[in-house]
Amino acid sequence: MNVFCSAEKQKGKENAFDVILEGHHGKSEAPGNFSVFVRNSTQVCIKARFTMTFDIEYFARKPIENRDYIELKKGSMPPIVSVVGGTCMKETDTPYMYLQWDHGYYTLNITFHTHRHETGDLWDIHEVEMIYDMNNTREFPFVAKAADS
-14 MNVFCSAEKQ
-4 KGKENAFDVI
6 LEGHHGKSEA
16 PGNFSVFVRN
26 STQVCIKARF
36 TMTFDIEYFA
46 RKPIENRDYI
56 ELKKGSMPPI
66 VSVVGGTCMK
76 ETDTPYMYLQ
86 WDHGYYTLNI
96 TFHTHRHETG
106 DLWDIHEVEM
116 IYDMNNTREF
126 PFVAKAADS
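Anchor point for the sequence shown: position 42 equals 27 in the working numbering, and the numbering is continuous, going up by one each time.
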């Protein structure tokens, strides 16, 4: 996915995923709007607006039957997350943003790369990684543990 950032914005046009890069520390502003700030300032360096749904397949065990099966967890990122952070372009060669929700059971990491363009910088989303804690039995009931075997 490419995201184009320019000082000039085309009137009436808006990307589904707007990004402005630079920072550290952040907040979840309005539903689906996330900002990272330059360290020790109020200057926004990464701003993203998006939502996400996901499917996670995992091994589960029926306790009474002692039988393993594959469970499908369907989920979505909440519109307001509890933790937003990251680092800016000025602080690292690989700026990134991370979002956490559900008491830290879920973390979404997004890493960016930049390329110079004659009309501005072209930003690529280099990597998207989702980390989830399967010890959260509310979200992952009957998850099969290695000791269950």
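We put the beta carbon where it would ideally sit given N, CA and C, even for glycine. In this text the structure is predicted, and so the values were computed from the model without any measurement.
Residue i - containing beta strand (DSSP E), residue span
i, result
"LYS47", "38 to 47"
"VAL113", "105 to 117"
Paired residues, beta bridge with residue i - DSSP
i, result
"ASN51", "DSSP, once it has assigned bridges, lists no residue as partnering ASN51."
"ILE65", "Per DSSP, none; premise fails for ILE65."
"ARG34", "ASN18"
"THR99", "TRP108"
"GLU56", "TYR43"
Buried versus exposed, by CB contacts within 10 Å (16 or more), residue i
i, result
"LYS75", "exposed"
"GLY71", "buried"
"LYS32", "buried"
"TYR91", "buried"
"VAL69", "buried"
"VAL113", "exposed"
"PRO16", "exposed"
"SER20", "buried"
Legend entry - Touch test, the region 120 to 130 against the region 29 to 48, Cβ-Cβ under 8 Å, three pairs minimum: Taking a cut-off of 8 Å for Cβ pairs, the region 120 to 130 and the region 29 to 48 touch, as three or more such pairs fall below it.
Inset, instruction - Can you check the region 68 to 95 for any beta strand (DSSP E) of at least 3 residues that lies completely inside it and give the ranges in chain order? - result: List check, beta strand (DSSP E) in window: 68 to 72, 81 to 86.
Inset, instruction - Kindly confirm or deny that the region 53 to 63 and the region 81 to 93 touch, where touching means at least three C-beta pairs closer than 8 Å. - result: A contact exists between the region 53 to 63 and the region 81 to 93.
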